[in-house]
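For the working numbering, count along the sequence shown from 1 and bump the result up by 222.
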Amino acid sequence: MVENLFPIFDKMLSRKQKEEQLNQHGVVLWLTGLSGSGKTTIALQFEKRLHELGFLTQVLDGDNIRSGLNSNLGFSVEDRYENIRRIAETAKLFAQCGVITICCFVSPEIEMRENARQIIGSFDFYEVYVSTSLRICEGRDVKGLYHKARAGELKDFTGIDAPFEAPLHPDVLLNTEGCSVDQSVDQLFTSVIDRIKIA
223 MVENLFPIFD
233 KMLSRKQKEE
243 QLNQHGVVLW
253 LTGLSGSGKT
263 TIALQFEKRL
273 HELGFLTQVL
283 DGDNIRSGLN
293 SNLGFSVEDR
303 YENIRRIAET
313 AKLFAQCGVI
323 TICCFVSPEI
333 EMRENARQII
343 GSFDFYEVYV
353 STSLRICEGR
363 DVKGLYHKAR
373 AGELKDFTGI
383 DAPFEAPLHP
393 DVLLNTEGCS
403 VDQSVDQLFT
413 SVIDRIKIA
């Protein structure tokens with residue numbers, strides 16, 4: 223019951239104290255795009271770049287979260303929204319501790335991502351659209367999911383029999399068809415480094 227909850231937020235160390243200790247500002251980079259677009263590949267390379275520069279990061283990836291925190295959720299519309307809600311709440315906690323949090327989730331609906339933005343807070347939320355055509359993503363098919371979807375073994379798969387709503391105004395647009403992973407990481411780094419550095 224809500225009346226029996228006694229939050230201690232006012233007694234905890236402040237976000238400012240934690241960010242000063244880490245010498246960085248917390249932020250959530252929300253990478254969205256089709257399966258196979260390169261979200262996780264870019265995130266891992268980006269994390270490595272930041273780590274080499276002394277920044278503390280955390281990557282939250284769809285498969286990892288689905289095998290742990292959200293292992294009790296399926297793929298119904300309700301469960302997909304709950305999946306994103308939990309992820310957003312988790313990412314918010316990391317950001318408030320000063321951690322640069324890199325989220326890799328298809329999150330195919332605009333409303334879904336806007337819900338995440340509202341939970342995390344607009345100031346901390348950077349929507350990064352990893353734009354890659356269905357043709358390229360399906361050609362990669364690194365997990366064999368497109369093959370299963372085409373064969374009818376996987377229902378409501380985004381891009382095949384379920385829609386992907388591209389961000390209308392992403393904070394960062396990474397068009398991976400015309401550039402390498404390193405170039406995408408460079409672009410992302412340039413876009414956010416002033417936000418995460420403490421002057």
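The beta-carbon is built from N, C-alpha and C at its ideal position, and this holds for glycine as well. In this text, all values refer to a predicted model and were calculated from it rather than measured experimentally.
Can you tell me where the beta strand (DSSP E) holding residue i begins and where it ends?
i, result
"N397", "V394 to N397"
"F347", "F347 to S353"
"C326", "I322 to C326"
"V364", "Note, V364: premise wrong, no beta strand (DSSP E); not H, not E."
"L376", "Per DSSP, L376 belongs to no beta strand (DSSP E) and is neither H nor E."
Let me make sure I understand the geometry here. Which of the options has the alpha-carbon closest to that of residue i?
i, options, result
"E333", "R302, L256, V352 and G296", "R302"
"L266", "L256, F316 and V403", "V403"
"N337", "R308, Q405, F316 and T412", "R308"
"T312", "L291, S329, S298 and P330", "L291"
"L282", "F231, G361, Y368 and L253", "L253"
"L376", "K261, Q239, I264 and F297", "F297"
"E242", "A310, V364 and L278", "L278"
"C359", "K261, K233, P389 and R237", "K261"
"A317", "R271, K370 and Q246", "Q246"
By how many angstroms is the C-alpha of residue j removed from the C-alpha of residue i?
i, j, result
"G284", "T380", "14 Å"
"G276", "P229", "33 Å"
"L244", "L256", "33 Å"
"K314", "L396", "23 Å"
"R339", "G361", "31 Å"
"G343", "R335", "12 Å"
"L295", "R288", "8 Å"
"V364", "S406", "19 Å"
"I418", "E225", "37 Å"
"Q239", "K233", "13 Å"
Give the C-beta separation of residue i and residue j to the nearest angstrom, bearing in mind that I take them to be a contact with Cβ-Cβ under 8 Å.
i, j, result
"F327", "I306", "7 Å"
"P385", "E349", "About 18 Å separates the two Cβ atoms, so there is no contact after all."
First and last residue of the alpha helix (DSSP H) that includes residue i?
i, result
"D408", "V403 to I418"
"L282", "Looking at the DSSP string, L282 is not in any alpha helix (DSSP H); the run it does join, the beta strand (DSSP E), is T279 to D283."
"L253", "No alpha helix (DSSP H) holds L253; the beta strand (DSSP E) holding it covers V249 to T254."
Check the DSSP bridge columns for residue i and list the partner residues they point to.
i, result
"A371", "A371 pairs with nothing; no bridge assigned."
"A384", "T380"
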